[in-house]
Amino acid sequence: MSKLELIATATFGLEAVVKREVEALGFKILKSEDAKITYIGDERAVVKSNLWLRSADRVLLKLGEFTAFTFEELFQQVKAIDWAAWIPLDGKFTVTGTSVRSKLHSVPDCQAIAKKAIVEKLKETYPVERFEETGALFTIKITILKDRVTVTLDTTGPGLHKRGYRVKDVAAPIKETLAAAMVQLSFWKTGRLLVDPFCGSGTIPIEAAMIARNIAPGLSRKFVSEDWEAIPKNLWQEERKAAYAVIDYDADVQILASDIDGRAIRAAQENAEEAGVDDCITFTQAPAEKLTAKQDYGIIIANPPYGERIGSAKDLGSIYESLKSFLEKNPTWSMYLITADKEFEGQMPRKADRRRKLYNGAMEVCYYQYYGQRPPKAEKTEE
Numbered sequence: 002m003s004k005l006e007l008i009a010t011a012t013f014g015l016e017a018v019v020k021r022e023v024e025a026l027g028f029k030i031l032k033s034e035d036a037k038i039t040y041i042g043d044e045r046a047v048v049k050s051n052l053w054l055r056s057a058d059r060v061l062l063k064l065g066e067f068t069a070f071t072f073e074e075l076f077q078q079v080k081a082i083d084w085a086a087w088i089p090l091d092g093k094f095t096v097t098g099t100s101v102r103s104k105l106h107s108v109p110d111c112q113a114i115a116k117k118a119i120v121e122k123l124k125e126t127y128p129v130e131r132f133e134e135t136g137a138l139f140t141i142k143i144t145i146l147k148d149r150v151t152v153t154l155d156t157t158g159p160g161l162h163k164r165g166y167r168v169k170d171v172a173a174p175i176k177e178t179l180a181a182a183m184v185q186l187s188f189w190k191t192g193r194l195l196v197d198p199f200c201g202s203g204t205i206p207i208e209a210a211m212i213a214r215n216i217a218p219g220l221s222r223k224f225v226s227e228d229w230e231a232i233p234k235n236l237w238q239e240e241r242k243a244a245y246a247v248i249d250y251d252a253d254v255q256i257l258a259s260d261i262d263g264r265a266i267r268a269a270q271e272n273a274e275e276a277g278v279d280d281c282i283t284f285t286q287a288p289a290e291k292l293t294a295k296q297d298y299g300i301i302i303a304n305p306p307y308g309e310r311i312g313s314a315k316d317l318g319s320i321y322e323s324l325k326s327f328l329e330k331n332p333t334w335s336m337y338l339i340t341a342d343k344e345f346e347g348q349m350p351r352k353a354d355r356r357r358k359l360y361n362g363a364m365e366v367c368y369y370q371y372y373g374q375r376p377p378k379a380e381k382t383e384e
């Protein structure tokens, strides 16, 4: 196995969540920065990271980092990387790039120069003048920030939020990675009731159920690095087998999910079936105004309507009034809501106990956390 430097990219605001996930997998963190966690692993770590990271966006392999002020410096440093260790003779490789506050500001030129450097380096290993590029895909990114160049290889392919269970969708869904982070940032755990009264296509309840049952989020999809010769196929087979073995089908999972839209509920049910968690989520078509507490110490985790999802200001007012009333009547309940509506907190009976700025795609949102009374600790019984 090789010692590799890996980067788990993250949406701004979720770095701490992703860092905890990486640590939980047993990998040593090198540094945590805006939107990325850098850590040490090997080929098996590439596999485990893609299968298990719930809130990260993708897993990158860091191949080089250097300073470059000229195109010649960029060319020589990129060429110095051992590209044949990863890209086979028939590999299809594309180069993407970004440049911020750097002398090398023309991204198309940087991409072209980097591609040429890679080709020249590969020619030292493979005796060809032209590469057919008909095989596995390798996406290389040249990121330049303040003249510091980072060269990475994407091991994921389509982003990690693409779990593979979303067979039906509705308007303005929340990303699976963000939904998983919302659950992990809450105090919900198995044995406590979780309610989502705006479930849409079911993302939050499905992610919660997968967490509760310890289902690896990447278990039902394929990753671009599965086609790479440099990562043995048996690693994927072994890690998938291990992931299936640790699924907890006996977990005490209590989740109620509802939505006013019948189409959304039907979509959510199909998605839950695809994810293998339909038996621990009860879906109901109902407006949020019908929300009632069937027991104490429950938790609401939700993505209420805002922006494009708002039917009308009157509808939104009714929703806020029902949430306010619910919190006032049920002091043992906790509520975790994500919204882009900056007027939301003023509509509630009190200020949130905690707020966290996050992003749902490109939209800035706030995660409001209202803590209810703590459940009493279970009394110890004498033997």
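Per the numbering used here, numbering of the sequence shown is gapless, rising by one per residue and ending at 384.
Ideal Cβ placement from N, Cα and C applies to all residues, glycine included.
Limits of the unbroken beta strand (DSSP E) element including residue i
i	result
aspartate 155	149-155
cysteine 200	Premise fails: cysteine 200 is in no beta strand (DSSP E) and is neither H nor E.
arginine 357	355-361
Where the alpha helix (DSSP H) through residue i begins and ends
i	result
asparagine 272	263-276
phenylalanine 67	No alpha helix (DSSP H) holds phenylalanine 67; the beta strand (DSSP E) holding it covers 59-68.
cysteine 281	Cysteine 281 -> no alpha helix (DSSP H), and no H or E assigned at all.
leucine 257	Not the alpha helix (DSSP H): leucine 257 falls in the beta strand (DSSP E), residues 255-260.
tryptophan 87	Tryptophan 87 -> no alpha helix (DSSP H), and no H or E assigned at all.
lysine 122	108-124
threonine 178	177-185
phenylalanine 224	Here phenylalanine 224 belongs to no alpha helix (DSSP H), and DSSP marks it neither H nor E.
glutamine 296	Note, glutamine 296: premise wrong, no alpha helix (DSSP H); not H, not E.
alanine 17	16-25
valine 79	72-80
leucine 105	Note, leucine 105: premise wrong, no alpha helix (DSSP H); not H, not E.
alanine 244	234-246
According to DSSP, residues forming a beta bridge with residue i
i	result
lysine 93	Leu138
threonine 10	Lys37, Arg59
methionine 336	Ile301, Tyr371
isoleucine 212	According to DSSP, isoleucine 212 bridges with nothing at all.
leucine 5	Gly42
glutamate 365	Tyr360
threonine 99	Thr144
leucine 194	Gln255
isoleucine 30	Tyr40
glutamine 286	Asp260
Closest Cα partner of residue i within the set the options
i	options	result
alanine 113	Lys142, Ala137, Leu90	Lys142
arginine 164	Glu22, Ala36, Ala276, Lys325	Ala276
leucine 236	Glu44, Ala36, Leu5, Ala9	Glu44
isoleucine 320	Asn304, Ala265, Ser103, Pro174	Asn304
tryptophan 287	Asp262, Tyr307, Asp228	First, the amino acid is wrong: residue 287 is alanine here, not tryptophan. Residue Asp262 is the option with its Cα nearest to alanine 287.
methionine 349	Lys330, Val366, Val278	Lys330
threonine 156	Pro174, Ala137, Val168	Ala137
serine 3	Gly42, Asp35, Phe13	Gly42
isoleucine 300	Leu5, Gln370, Glu239, Ser326	Gln370
histidine 106	Leu75, Glu121, Ala118	Leu75
glycine 203	Asn215, Leu15, Ala25, Ile266	Ile266
arginine 355	Cys367, Leu328, Tyr166, Ala115	Cys367
tryptophan 229	Thr140, Ala9, Leu7, Ser326	Thr140
proline 159	Glu365, Tyr360, Asp83, Asn51	Asn51
glycine 362	Lys325, Tyr337, Lys378, Ile175	Ile175
proline 377	Tyr337, Asp297, Ala353	Asp297
lysine 358	Tyr166, Glu271, Leu15	Leu15
proline 218	Glu121, Val196, Tyr166, Tyr307	Tyr166
arginine 264	Val247, Thr285, Ala118	Thr285
Integer-rounded CB distance, given that residue j should sit under 8 Å from residue i
i	j	result
serine 56	valine 18	5 Å
threonine 191	valine 254	6 Å
proline 198	serine 259	5 Å
threonine 340	glutamine 374	The Cβ separation is near 24 Å, so there is no contact.
arginine 241	leucine 257	Actually they are not in contact, since the Cβ atoms of arginine 241 and leucine 257 sit about 31 Å apart, beyond 8 Å.
aspartate 91	glutamate 133	6 Å
alanine 81	threonine 126	No, alanine 81 and threonine 126 are not in contact; Cβ-Cβ is about 14 Å, not under 8 Å.
alanine 294	isoleucine 282	At roughly 18 Å, the Cβ-Cβ gap does not stay under 8 Å, so alanine 294 and isoleucine 282 are not in contact.
isoleucine 88	alanine 209	So it is not a contact: roughly 40 Å between Cβ atoms.
valine 278	methionine 211	6 Å
phenylalanine 327	leucine 292	6 Å
alanine 289	serine 335	Actually they do not touch by this definition, with Cβ atoms about 17 Å apart.
valine 129	alanine 115	That pair is no contact at about 19 Å.
lysine 49	alanine 11	With 8 Å as the limit, lysine 49 and alanine 11 do not qualify as a contact, their Cβ atoms being about 17 Å apart.
leucine 62	glutamate 22	In fact, because the Cβ distance is near 18 Å, the residues do not count as touching under 8 Å.
valine 47	isoleucine 232	6 Å
aspartate 35	leucine 161	The pair is not a contact, with the Cβ atoms about 18 Å apart (cut-off 8 Å).
aspartate 342	tyrosine 307	5 Å
beta-carbon residue i near the ligand HEM non-hydrogen atom, thresh 6 Å
i	result
alanine 81	Of ligands this structure carries none, so the ligand HEM is not represented either.
ask   = Counting Cβ pairs, one atom from each stretch, are 3 or more of them under 8 Å apart for the region 146-157 and the region 59-67?
value = yes
key: Cβ contact (3+ pairs, closer than 8 Å) linking the region 245-265 and the region 175-185   = no
query = Taking contact to mean at least 3 C-beta pairs separated by less than 8 Å, is the region 24-35 in contact with the region 71-82?
reply = Two segments are said to touch when three or more pairs of C-beta atoms, one from each, lie closer than 8 Å; by this definition the region 24-35 does not touch the region 71-82.
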